[in-house]
Structure formats: C-alpha cells, structure tokens
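Take the sequence shown: its letters are residues 4 to 314, numbered as in my numbering.
Input: a single structure, listed below in structure tokens.
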Amino acid sequence: MTISRKAALAAASATAIVLAGCSDPFDEPEGDGGGEASGDDDTIVVSSGNFVESEILGNLFAETLRDAGIEVEERFNIGAREAYIPALEDGSIDLVPDYTGNLLLYLDPEADISPGADVQAALDEQVEELGLSVLEPAEAENTDTVTVTSELAEEWDLTEIGDLAEHNDELILAGPPEFNERDRGIPGLEELYGVEPDEFVAIADGGGPATVQALLDGDVHGANIFSTSPEIEENDLVTLEDPEGNFPEQFVVPLIKSSSLTPEIEEALGKLTAELTTAELTSLNARVSGEEKLEPKQAAIEWLEEKGIIG
4 MTISRKAALA AASATAIVLA GCSDPFDEPE GDGGGEASGD DDTIVVSSGN FVESEILGNL
64 FAETLRDAGI EVEERFNIGA REAYIPALED GSIDLVPDYT GNLLLYLDPE ADISPGADVQ
124 AALDEQVEEL GLSVLEPAEA ENTDTVTVTS ELAEEWDLTE IGDLAEHNDE LILAGPPEFN
184 ERDRGIPGLE ELYGVEPDEF VAIADGGGPA TVQALLDGDV HGANIFSTSP EIEENDLVTL
244 EDPEGNFPEQ FVVPLIKSSS LTPEIEEALG KLTAELTTAE LTSLNARVSG EEKLEPKQAA
304 IEWLEEKGII G
C-alpha cells in the first residue's frame with residue numbers, strides 16, 4: 004500500500020476540522036448545570052472522556068446512580084485526562100470513568116505497570132494525593148493498540164509493533180492528539196521498538212470512526228485504536244502484538260472526588276462494575292458505533308435493565 008503526501012495532507016486537513024469542531028464541554032454541558040459545579044452538594048456531576056466508549060461508561064454510571072436515588076447531572080465529553088483530572092480536583096465534576104494502567108502512568112510516568120505489579124495499590128496512593136478515589140475496577144479491559152489493515156499487514160509482513168520500524172522513512176501513524184506526547188504513545192514506540200513515524204496525524208475521536216476510516220482510505224498506515232472497538236473485527240483489521248508491553252492493562256474503573264463519595268455511591272457502582280466484562284463492553288460499543296447506531300444513553304439503559312441493575 005502506498006500513501007501519497009497529498010493523501011496524508013488531506014487527512015491532516017480533515018483532522019484539523021475534527022479538532023476545530025470540538026467545543027469546550029463546559030460551554031454546553033448536558034444536564035442542568037453551566038460551567039460551574041452544581042450548587043446542590045448532593046448532586047453528582049458525572050462526566051466522560053471525549054470518545055464513544057467513555058460516554059457509554061459515563062451513561063452507565065449516571066443511570067445506575069439515578070436508579071439508586073442519587074441526584075445526577077451529566078457533563079459528558081469533557082476531553083482527555085489533561086481536562087478531567089483538574090476538573091475533578093476543582094470540583095467542576097465529581098465522577099468519570101477511567102482505565103487503570105493509563106491513569107496510573109498519567110499520574111506517575113515511572114510507575115511499574117509490568118505483569119504482576121500491584122497497579123491498584125499504586126493507583127490508590129496516587130489519586131489520594133489529589134483528593135480523589137478509585138473504586139473497584141470492572142473485569143472489562145480496554146487496551147491501547149497499534150492497528151493496521153490486513154492488506155498492509157500482508158504487504159509489509161507485520162505481526163508485531165516493531166515490524167513497523169523497517170518503514171520509518173514513510174510511516175504515517177494516527178491517534179488522538181495526546182498519543183503523540185504521552186510516554187506510552189509515540190515516545191514509547193520509539194524507545195521500545197525503534198518505531199519513529201515520518202508523520203503523526205492527530206484525530207480527536209479516541210480511535211473511533213474517523214480514525215478507522217483514515218486506515219481504510221489509506222491515509223495512514225497504522226492507528227491507535229482501543230482493543231474493544233467492534234470496528235477491528237468488522238473491517239478485518241489487524242492488531243499488532245506488543246511483546247515489550249508498551250501498553251499496560253486497562254481495567255475500567257470509576258474515578259471520583261473523595262469528598263463526593265458516599266457508601267450509597269460505592270455500593271451502586273460496585274453492582275455495575277461486577278457485571279461489566281470485556282465482551283459486554285465490546286457489545287455496547289458495537290450497538291452505538293455499529294449498524295444499530297444507538298445513542299450511548301439508550302444503549303446504557305437497555306444493558307442496565309437487561310442485567311437487572313436498574314428498573
């Protein structure tokens with residue numbers, strides 16, 4: 004597969020449009036509140052990252068708490084950790100879904116995330132310093148990947164991430180903007196595998212449809228896509244192996260402001276995380292991003308009712 008400079012520039016231009024269309028989530032929040040936290044101390048402001056799976060998880064959290072009789076305000080699609088960690092600290096939001104491995108590395112880039120490491124204990128210690136708490140993680144895991152088309156995998160004989168290094172002089176990789184800077188993004192690929200792409204295309208959809216389309220259109224060679232994305236199987240994409248462990252385990256975990264945490268909230272979210280598996284999360288993603296095109300809220304409510312968590 005050959006990708007022209009013109010095609011790459013077109014992808015970059017399209018990305019600029021995507022980025023320009025991302026408004027400040029505090030300008031037009033969902034729910035009743037504005038840019039400030041709710042004036043009602045009993046109201047829990049639930050937020051999410053700016054990608055589909057995180058919004059699904061945010062809706063799962065919100066509807067579970069509502070059913071438990073807790074007043075909830077929604078403020079989804081706030082952005083990456085660089086946006087929602089400060090928002091948790093200053094009280095603009097109370098609760099957001101996150102992922103154990105990447106959250107720990109964000110807070111402590113030198114943390115041990117090797118197999119067997121006690122990530123949960125390290126995470127508890129790190130978030131406590133910020134006045135935050137992580138609750139019981141779900142079994143559901145969603146790991147970062149570097150994914151390519153099956154055609155390119157065959158053409159370049161790709162099975163592992165390191166195989167891309169032979170093509171550094173022409174390699175174009177895509178991912179969310181922060182992937183280019185975070186230690187386990189492009190810097191990690193360079194350090195562990197010698198993969199130094201000629202160009203990085205930032206696409207602000209968290210490895211979603213626009214990222215997948217860039218792969219399918221041949222605008223990029225590889226992309227950072229989450230392992231629970233149903234589009235990997237639907238489009239016969241190939242996830243490259245990560246033998247050096249650049250991407251840590253990523254279990255879904257509720258991250259909450261400690262002063263907002265109550266036994267009722269912990270109990271309600273515990274019932275949810277106890278039921279949420281990787282297969283269930285992948286299925287929820289498929290219902291929203293696939294042919295059904297459900298709204299994240301509808302998919303969340305139907306799943307919660309099916310599992311008997313609400314209703």
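Idealized CB from N, CA, C, for every residue including glycine.
Check whether the stretch 202-209 and the stretch 267-286 touch, using three or more Cβ-Cβ pairs below 8 Å as the test. no
Report the start-end ranges of each alpha helix (DSSP H) in the stretch 92-164 that is 4 residues or longer and not cut off at the edges. Qualifying alpha helix (DSSP H) stretches, in chain order: 103-110, 122-131, 153-158.
Quick one: using the 10 Å Cβ neighbour count with 16 as the cut-off for buried, is Ala282 buried or exposed? Stepping through the sequence shown from its first residue, residue 282 is reached at position 279. With fewer than 16 other Cβ atoms within 10 Å, it is exposed.
Phe64 - DSSP class collapsed to helix/strand/coil: Against the sequence shown, residue 64 aligns to sequence position 61. Helix at Phe64.
Arg187 - DSSP class collapsed to helix/strand/coil: For the purposes of this step, residue 187 is taken as residue 184 along the sequence shown, with counting starting at 1. Arg187: coil per DSSP, three-state reduction.
Going by the DSSP bridge assignment, what does Ser2 pair with across the sheet? No answer is possible for residue 2: the residues shown for the chain start at 4 and end at 314.
Tell me whether Glu39 sits in a helix, a strand or coil according to DSSP, three-state version. Locating residue 39 in the sequence shown gives position 36, where the first residue counts as 1. Summary for Glu39: the model assigns pLDDT 46, below 50, so the residue's position carries little reliability; its value from the coordinates is reported in the next sentence. Three-state result, Glu39: coil.
Cβ-based burial, Glu169 [other Cβ within 10 Å; buried from 16]: Against the sequence shown, residue 169 aligns to sequence position 166. That one is exposed.
Check Ser263 in the structure and name its three-state DSSP category. As a position in the sequence shown, residue 263 is number 260, starting the count at 1. Of the three classes helix, strand and coil, the one that applies to Ser263 here is helix, per DSSP.
Exposed or buried, which one is Ser232 when buried takes at least 16 other CB atoms within 10 Å? Counted from its first residue, the sequence shown places residue 232 at position 229. Label assigned to Ser232: buried.
Gln301 versus Asp172 - alpha carbon distance: In the sequence shown, the residue the question calls residue 301 occupies position 298. In the sequence shown, the residue the question calls residue 172 occupies position 169. In a straight line, the C-alpha of Gln301 is about 45 Å away from that of Asp172.
Might you give, ordered along the chain, the residues of its own chain that have their beta carbon closer than 6 Å to the beta carbon of Pro299, omitting 5 neighbours on each side? As a working note, residue 299 is residue 296 in the sequence shown. If we look at Pro299 and ignore the five residues flanking it on each side, its Cβ neighbours are Glu58, Ile59, Asn62, Val291.
Those residues which DSSP pairs with Val215 across a bridge: Taking the sequence shown and counting its residues from 1, one reaches residue 215 at position 212. Paired residues: none, contrary to the question.
Can you tell which of Phe203, Gly191, Tyr109 has the C-alpha that lies nearest to the C-alpha of Ala177? Within the sequence shown, residue 177 is the residue found at index 174, counting from 1. Nearest option by C-alpha distance: Phe203.
With Leu192 and Ile164 assumed to form a contact (beta carbons below 8 Å), what rounded beta-carbon distance in angstroms separates them? Mapped onto the sequence shown, residue 192 falls at position 189. Mapped onto the sequence shown, residue 164 falls at position 161. Right, their Cβ atoms sit about 6 Å apart.
Confirm, please, whether the CB-CB distance from Leu107 to Ala125 is below 9 Å. Within the sequence shown, the letter at position 122 stands for residue 125. Within the sequence shown, the letter at position 104 stands for residue 107. Yes, they are a contact pair.
Rounded to whole angstroms, how far is the Cβ of Asn145 from the Cβ of Ser230, which I believe are closer than 8 Å? In the sequence shown, residue 145 corresponds to position 142, counting from 1. In the sequence shown, residue 230 corresponds to position 227, counting from 1. Contact between Asn145 and Ser230 holds, with the beta-carbon distance rounding to 6 Å and staying under 8 Å.
CA-to-CA distance, Leu272 to Val99, given in whole angstroms: By 1-based counting over the sequence shown, the position of residue 99 is 96. By 1-based counting over the sequence shown, the position of residue 272 is 269. Going from the Cα of Val99 to the Cα of Leu272 covers about 12 Å.
Given a threshold of 16 other Cβ atoms within 10 Å of its Cβ, counted over all protein chains shown, does Lys296 qualify as buried or as exposed? As a position in the sequence shown, residue 296 is number 293, starting the count at 1. For Lys296, the number of other beta carbons within 10 angstroms of its own is below 16, and it is reported as exposed.
Given a cut-off of 9 Å on the beta-carbon distance, is the pair Val130 and Leu161 in contact? Here residue 130 refers to the residue found at position 127 when the sequence shown is read from its first residue. Here residue 161 refers to the residue found at position 158 when the sequence shown is read from its first residue. Going by C-beta atoms, Val130 is not nearer than 9 Å to Leu161.
Keeping to the same chain, check which residues put their C-beta closer than 7 Å to that of Thr18; ignore five residues upstream and five downstream. Your numbering for residue 18 matches position 15 in the sequence shown. Since pLDDT at Thr18 reaches only 43, below the 50 mark, its modelled position is unreliable, and no value is offered.
Reference Gln216, options Asn105, Thr152, Ser262, Asn183, closest by Cα: Your numbering for residue 216 matches position 213 in the sequence shown. Comparing Cα positions, the closest option is Thr152.
Alpha carbons only, please: which of Ala83, Ile96, Asn105, Asp70 is nearest the one belonging to Glu77? To locate residue 77, count along the sequence shown from 1; it is residue 74. Among Ala83, Ile96, Asn105, Asp70, the Cα nearest to that of Glu77 belongs to Ile96.
Return yes when the C-beta of Gln253 is under 8 Å from any heavy atom of the ligand COA, and no when it is not. Among the components modelled here there is no ligand, and therefore nothing to report on the ligand COA.
Endpoints, the alpha helix (DSSP H) within which Ala303 is located: Against the sequence shown, residue 303 aligns to sequence position 300. Element bounds for Ala303: 299-309.
Here's the rule I'm using: 16 or more other beta-carbon atoms within 10 Å means buried, otherwise exposed. How should Ala277 be labelled? Residue numbering aside, residue 277 sits at position 274 when the sequence shown is read from its first letter. So Ala277 ends up on the exposed side.
What residue range does the alpha helix (DSSP H) around Ile235 cover? Against the sequence shown, residue 235 aligns to sequence position 232. Its alpha helix (DSSP H) spans residues 233-237.
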